[in-house]
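**Student:**
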Amino acid sequence: MKKNTKNSRASAAGNEEQKREIAGIVLMLAALFFIGALLSFHSEDESLLARLVWNDISSSVARDAADSIGNPFGLLGARLSAFFVRSFFGYPAILPGIALLFWGWSLFRRKSLKPALLFFLYMLFMAIDLSAMFGLTSMEFSDYMAGTIGRMLASMLSTLIGYTGAWVLLAAAGIITTFYMSRGLGPLFSDTSRSLQETFRRPLTMLGAWSQARRRKSAESARLKEERRLQRDEKKRLKRDRKAADPSRSPEPERSEPFRSDPFPELRDEPLRFDEPLPGENAPSPFVVAPAQESVAGEPEMTISAGVHEKEADLDERRLKVKTKDREPYRFPSIDLLERVPDDDNRIDEHHLTESKRKLLEKLSIYKIDVVRISTTVGPRVTLFEMELAPDVKVSRVKSLENDLAMALAARGIRIIAPIPGKNAVGVEIPNGKPKTVWLRSVLQVEKFKNSTLTLPIVLGKTIANEVFIADLATMPHLLIAGATGAGKSVCINVIISSLLYACSPDKVKFVMIDPKRVELFHYQQLRNHFLVRFPGIDEQIITDPQKAVYALKCVVKEMELRYECLEKAGVRNIGDYNRRLPEEAMPYLVVVIDELADLMITAGREVEEPIIRIAQLARAVGIHLIVATQRPSVDVITGIIKANFPSRIAFQVASRVDSRTILDGSGAEQLLGNGDMLYQPSDQPKAMRIQGPFVSSGEVEAITTFIGAQHALKNMFVLPVPDQQQKGNGMAVGGMQDRDGRDSMFEDAARLVVMHQQASVSLLQRRLRLGFSRAARVMDQLEYSGIVSEADGSKPREVLVNNEDSLELLLRNLG
């Protein structure tokens, strides 16, 4: 049943897209017919059309007129051109026709129709403006350029404000309108021209490459013929010189075998050969320079593997505007908010590959390691050499030569994969001479991401084969990120969050952000009305205080427990089944981002570790996922129980092999290059894979969050529940004393404080009563239960319900 529903929805979406494409094609054809008819206007056709009734298309008179008219677009084209040129705007009526052509193109490309409508209105205004301008002139062709409406407007304006005033008004209106419209329509036409270039670039590139190859082949053939001619002339000259030196010697008959005598020893090492085939035949020519990937005698042949070419796609062609649960529209951020990717020629430095291969094989030959076959794959930052070893060579011997190979190649970051999983080969990763930057826009604007069916798709970067790697956070289900300072952790977090913002609506995902460093996640404050959750009793939505972080994580644990109760009542096993069964009560996925775990572990220790472990162990089924980053990959931060519950890990560059083992349970991260170079350990693979993470700047992140924050705020904000108050058996509450009625010993002092100041906040109790955050929050909850302060309402301050101290004393006595 569910499968049939999905298929019907997909079929309906496909039919809708097909209808838009057909409508766009029809509109473009109609616009082209209209433009062609106007450009083919003949004044002589008017006398022929005057004898016909407007709906007469089949009589003999109509047929005779159709044979006589000069407009190649028939009676309809002649009538359209006569009407618009004579009775309407004149030739400027072509401008709305161009706008209709662009409208049809927008429909065909499934783009938004608002820019097309705006462009149509602009062209219509400019047609009126130009026709009125031509109506003010007295030139011969002004009747064709102004039309009846243009003449009428010109007469009215010249009578009202004078001839000069009319010119000034019309010129100013046209210039000002064009100036402001160019600001809004300029990016639109640049995107349209870029899409047209992408459409025609591939065949033009192939044609250019073919013609260039033909020219090279012709030039090479001419050079070979010239060299052969010179060789034959040299051979004849040598024979003549030999005869002149020994006149008594009888001439030898011509033989096919080489000369027995060798009076010219300088030619001994380079025998003359004239029987080689031309280029393009099977055998290579000795006069053709060998390509860099060809091997010299005795070395294995090297092949360069073609990388993956991702199919590009325009994210803005999808449905950008959606409705949320509370009926507020939400628009996905445009891909144009990200910086444009610089042009990349995708050339391979074959000279560098050949040199690296030669040094690699020379070093291996010293240790008697024979290589049967070698292939290379060039990635953005590193090149992978896959070597098939001789059958008698042990893999461990190659692994032990890591430092020797690094010294021979004079390069840092040499990493050996012995063996490559699933292949009969050993891999050596060597840094590229000219590394390439991977941009976030380049990895988002691909067909794979646009049509992704993953629940929570996150883009991690490009593999060595230049394939865009997209993972599903919902199946990870938690991610641990570690690496040294400046290696790329914070950029990676920004990329992950940006991927989710481009892929998910506020109804689908919410974020809990904990930033002890205070500066890494502050850009996301503008998501407070759409994606950030709210905590009871806390004004902040991005947590920076360690004690508040403990409270926030306990709120998440409570949310997890409540979600399990909902799943139990619905009789389902996970959040996906629950949302499909009860779409009106669908629960959003909750992504908890902790940017620096080490600081929390130092200040809060066990209080932080316990909720993190509970969430990591149990929260997958209810759609709660952790992304934890740290720059201290030590065992006191990444404890064994934390690591056991984070099967998916990312390691950036670290200082030592010990740190690499702490993160990945293996070495390799100490050989990374930094700046986004990572090892990603999936939960379903035995070995880590090398990925180059994309770069996203702070300005791009700010542009995305500003775009989202400027939209209408959601009415129903997502508020986490209050966590359970854990008490010990001796009546001592965690964080402070309680009296016999269960209230805190500071309860009355706190009540008098909030009534005296007529404001209630946890931070006020912390400052004035010198309480910790957790205890102050509990006291505030007790004040709420006692009717002294109102309930928490998101980020709004609580209201004090008791007006004066006398009323408070009466209330306290009643409570006692």
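Numbering follows the numbering used here, with no gaps: position 592 of the sequence shown is 592. Ideal Cβ positions, reconstructed from N, Cα and C, are used throughout, including at glycine. Model, not experiment: these values are computed from the prediction.
1. To the nearest angstrom, how far is it from the Cα of Val779 to the Cα of Arg614?
2. To the nearest angstrom, how far is it from the Cα of Ile538 to the Cα of Lys554?
3. Give every residue of the same chain whose Cβ lies closer than 6 Å to the Cβ of Phe646, excluding the five residues on either side of it in the sequence, and list them in chain order.
4. Going along the chain, which unbroken runs of the alpha helix (DSSP H) with 4 or more residues stay wholly within the stretch 44-79?
5. Which same chain residues, not among the five before or five after Leu454, have their C-beta less than 6 Å away from its C-beta?
6. Hey, would you say Ala651 sits closer than 8 Å to Ile663, going by beta carbons?
7. Give the DSSP bridge partners of Gln681, in chain order.
8. Can Val372 and Pro300 be called in contact, C-beta distance under 8 Å?
9. With 16 other CB atoms within 10 Å as the buried threshold, where does Asn529 fall?
10. I think Leu521 touches Ile496, with their Cβ atoms under 8 Å apart; what is that distance to the nearest whole Å?
11. According to DSSP, is Pro583 helix, strand or coil?
12. Whole angstroms are fine: how far does the CA of Asn451 sit from the CA of Val800?
13. Among Thr475, Asn574 and Gln758, whose alpha-carbon lies nearest the alpha-carbon of Asp684?
14. Helix, strand or coil, according to DSSP, for Tyr330 in the structure here?
15. From the DSSP output, read off the bridge partner residues of Asp793.
16. Assuming contact is defined by CB atoms lying nearer than 8 Å, are Ile366 and Val398 in contact in what I supplied?
17. Reducing DSSP to helix, strand and coil, say where Ala471 ends up.
18. Could you name the residues that DSSP lists as bridge partners for Thr383?
19. Would you identify the three-state DSSP class for Gly699, choosing helix, strand or coil?
20. Please list the terminal residues of the continuous beta strand (DSSP E) segment that includes Tyr564.
21. List the residues that DSSP assigns as beta-bridge partners of Ile624.
22. I need the DSSP call for Phe34, collapsed to helix, strand or coil.
23. Excluding sequence positions up to five away, which residues of its chain have a Cβ less than 6 Å from the Cβ of Ser142?
24. Looking at the unbroken beta strand (DSSP E) that takes in Arg841, where does it start and where does it end?
25. Could you check how far apart the C-beta atoms of Ile414 and Leu405 are, in whole angstroms? I think they sit under 8 Å.
26. Measuring alpha carbon to alpha carbon, tell me which residue in Ile176, Asn716 and Ile594 is nearest Asp545.
27. Applying the 10 Å Cβ sphere with the 16-neighbour rule, what's the burial state of Leu810?
28. Touch check for the stretch 557-570 and the stretch 485-495: three-plus C-beta pairs under 8 Å?
29. From what residue to what residue does the alpha helix (DSSP H) around Lys643 run?
30. In terms of residues, what are the limits of the beta strand (DSSP E) holding Met123?
31. Apart from the five residues on each side of it in sequence, which residues of its chain come closer than 8 Å, Cβ to Cβ, to Asp749?
32. Helix or strand or just coil, what does DSSP make of Gly413?
33. Any idea what DSSP makes of Arg240, helix, strand or coil?
34. Skipping 5 residues on each side, what residues in its chain have a beta carbon closer than 7 Å to that of Phe332?
35. Express the C-alpha separation of Ile458 and Leu590 in angstroms, rounding to a whole number.
36. Which word fits Tyr551, buried or exposed, when buried means at least 16 other C-beta atoms lie within 10 angstroms of its C-beta?
**Tutor:** A quick look at the data gives this:
1. If you number the sequence shown from 1, residue 779 lands on position 779. If you number the sequence shown from 1, residue 614 lands on position 614. The alpha-carbon atoms of Val779 and Arg614 are separated by roughly 26 Å.
2. In the sequence shown, residue 538 corresponds to position 538, counting from 1. In the sequence shown, residue 554 corresponds to position 554, counting from 1. Answer to the nearest angstrom: the Cα atoms are 13 Å apart.
3. Taking the first residue of the sequence shown as 1, we reach residue 646 at position 646. Only His478 and Leu480 meet the Cβ criterion.
4. Within the stretch 44-79, the alpha helix (DSSP H) runs of at least 4 residues that lie entirely inside it are, in chain order, 45-50 and 60-68.
5. In the sequence shown, residue 454 corresponds to position 454, counting from 1. Asp472.
6. Within the sequence shown, numbered from 1, the residue matching residue 651 stands at position 651. Within the sequence shown, numbered from 1, the residue matching residue 663 stands at position 663. Contact: yes.
7. Your numbering for residue 681 matches position 681 in the sequence shown. Looking at the DSSP assignment, Gln681 forms a beta bridge with Arg649.
8. The sequence position of residue 372 within the sequence shown is 372, counting from 1. The sequence position of residue 300 within the sequence shown is 300, counting from 1. Pro300 sits close to Val372, with the two beta carbons spaced by under 8 Å.
9. Sequence index remark: in the sequence shown, residue 529 carries index 529 (1-based). Looking at its Cβ environment, which holds 16 or more other Cβ atoms inside 10 Å, Asn529 is buried.
10. Taking the sequence shown and counting its residues from 1, the one referred to as residue 521 is at position 521. Taking the sequence shown and counting its residues from 1, the one referred to as residue 496 is at position 496. The pair is not a contact, with the Cβ atoms about 12 Å apart (cut-off 8 Å).
11. Your numbering for residue 583 matches position 583 in the sequence shown. Helix.
12. On the sequence shown, residue 800 is found 800 positions in, with the first residue counted as 1. On the sequence shown, residue 451 is found 451 positions in, with the first residue counted as 1. Approximately 52 Å, taken between the alpha carbons.
13. As a first step, residue 684 is located in the sequence shown; it is residue number 684 there, counting from the start. Nearest C-alpha to Asp684: Thr475.
14. The residue labelled residue 330 in the question sits at position 330 within the sequence shown. Here Tyr330 sits in strand by DSSP.
15. Your numbering for residue 793 matches position 793 in the sequence shown. In DSSP, Asp793 forms a bridge with Lys796.
16. Translated into the one-based positions of the sequence shown, residue 366 becomes position 366. Translated into the one-based positions of the sequence shown, residue 398 becomes position 398. For the 8 Å CB-CB criterion, Ile366 and Val398 do not form a contact.
17. For the purposes of this step, residue 471 is taken as the residue at position 471 of the sequence shown. Looking at Ala471 - three-state DSSP - the assignment turns out to be strand.
18. The residue labelled residue 383 in the question sits at position 383 within the sequence shown. In the DSSP output, where bridge partners are listed per residue, Thr383 has Val378 and Ile430.
19. The residue you call residue 699 lines up with position 699 of the sequence shown. In the structure shown, Gly699 sits in a helix (DSSP, three-state: H, G or I).
20. Taking the sequence shown and counting its residues from 1, the one referred to as residue 564 is at position 564. Bounds of any beta strand (DSSP E) do not take in Tyr564; it lies within the alpha helix (DSSP H) bounded by Pro546 to Ala570.
21. As a first step, residue 624 is located in the sequence shown; it is residue number 624 there, counting from the start. In DSSP, Ile624 forms a bridge with Leu590.
22. The residue given as residue 34 occupies position 34 in the sequence shown. Looking at Phe34 - three-state DSSP - the assignment turns out to be helix.
23. Position 142 of the sequence shown, counted from the first residue, corresponds to residue 142. Cβ neighbours of Ser142 beyond the five flanking positions: Phe134.
24. In the structure as shown, the chain begins at 1 and stops at 816. Residue 841 is therefore absent and cannot be evaluated.
25. Walking along the sequence shown from the start, residue 414 turns up at place 414. Walking along the sequence shown from the start, residue 405 turns up at place 405. Contact between Ile414 and Leu405 holds, with the beta-carbon distance rounding to 5 Å and staying under 8 Å.
26. Stepping through the sequence shown from its first residue, residue 545 is reached at position 545. Nearest C-alpha to Asp545: Ile594.
27. One-based indexing of the sequence shown puts residue 810 at position 810. The residue is exposed, with fewer than 16 neighbouring Cβ atoms inside 10 Å.
28. no
29. Numbered from its first residue, the sequence shown carries residue 643 at position 643. Gly640 to Ala644 is the extent of the alpha helix (DSSP H) around Lys643.
30. Within the sequence shown, residue 123 is the residue found at index 123, counting from 1. Following the DSSP letters along the chain, one finds Met123 in no beta strand (DSSP E) but inside the alpha helix (DSSP H) bounded by residues Lys114 to Gly135.
31. Here residue 749 refers to the residue found at position 749 of the sequence shown. Once the five neighbours on either side are set aside, the close Cβ partners of Asp749 are Leu769.
32. Walking along the sequence shown from the start, residue 413 turns up at place 413. DSSP, reduced to helix, strand and coil, places Gly413 outside both helices and strands of the structure shown, so it counts as coil.
33. Mapped onto the sequence shown, residue 240 falls at position 240. Looking at Arg240 - three-state DSSP - the assignment turns out to be helix.
34. Indexing the sequence shown from 1 puts residue 332 at position 332. Around Phe332: Leu320 and Tyr502.
35. Start at 1 with the first residue of the sequence shown, and residue 590 comes out as number 590. Start at 1 with the first residue of the sequence shown, and residue 458 comes out as number 458. Cα to Cα, Leu590 sits roughly 14 Å from Ile458.
36. For the purposes of this step, residue 551 is taken as the residue at position 551 of the sequence shown. Taking every protein chain shown into account, the CB of Tyr551 has 16 or more other CB atoms within 10 angstroms, so this residue is buried.
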